[in-house]
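Asker:
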Amino acid sequence: MVTAFDSCAAPIIRLGSFVIAKGETIKSNRTGQPGVRLLNDVSSDNLRHFQVGKGEAVITATDPSGNVGTALCR
3 MVTAFDSCAA
13 PIIRLGSFVI
23 AKGETIKSNR
33 TGQPGVRLLN
43 DVSSDNLRHF
53 QVGKGEAVIT
63 ATDPSGNVGT
73 ALCR
């Protein structure tokens, strides 16, 4: 589950160029191709599935002031 917070306003959460909703559950599978690709919006198990290139499974949270935090998905 993806969660981020800021004392001023909710940050924007992304995996690659895709915006992730607060509390959304995602699954990423590593692939030999670079980039982040959405496989499906929401599956029957309530997950959004992505394929990601090696080292690109990084979630970023950006607050309205432009501060950025990152987390590597495993």
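With this note's numbering as the guide, the letters of the sequence shown map in order to residues 3 to 76.
Heads up, the beta-carbon is just placed ideally off N, CA and C, and yes, glycines get one too.
On a predicted model such as this, the values are computed, not experimentally measured, just so you know.
#1: Quick one, which of Gly37, Val38, Asp43 has its alpha-carbon nearest Thr27's?
#2: Rounded to whole angstroms, what's the CA-CA distance from Pro66 to Ser19? Just pull it up for me.
#3: Applying the criterion that 16 or more other CB atoms from any shown protein chain within 10 Å of the CB defines a buried residue, is Val21 buried or exposed?
#4: Quick check on the burial criterion: 16 or more other C-beta atoms within 10 angstroms. Buried or exposed for Val54?
#5: Looking only at its chain, what residues have a beta carbon closer than 6 Å to the beta carbon of Pro36, apart from the 5 residues adjacent to it on each side?
Answerer: Well, looking at it:
#1: Asp43
#2: 17 Å
#3: Val21 comes out exposed.
#4: buried
#5: Gly55
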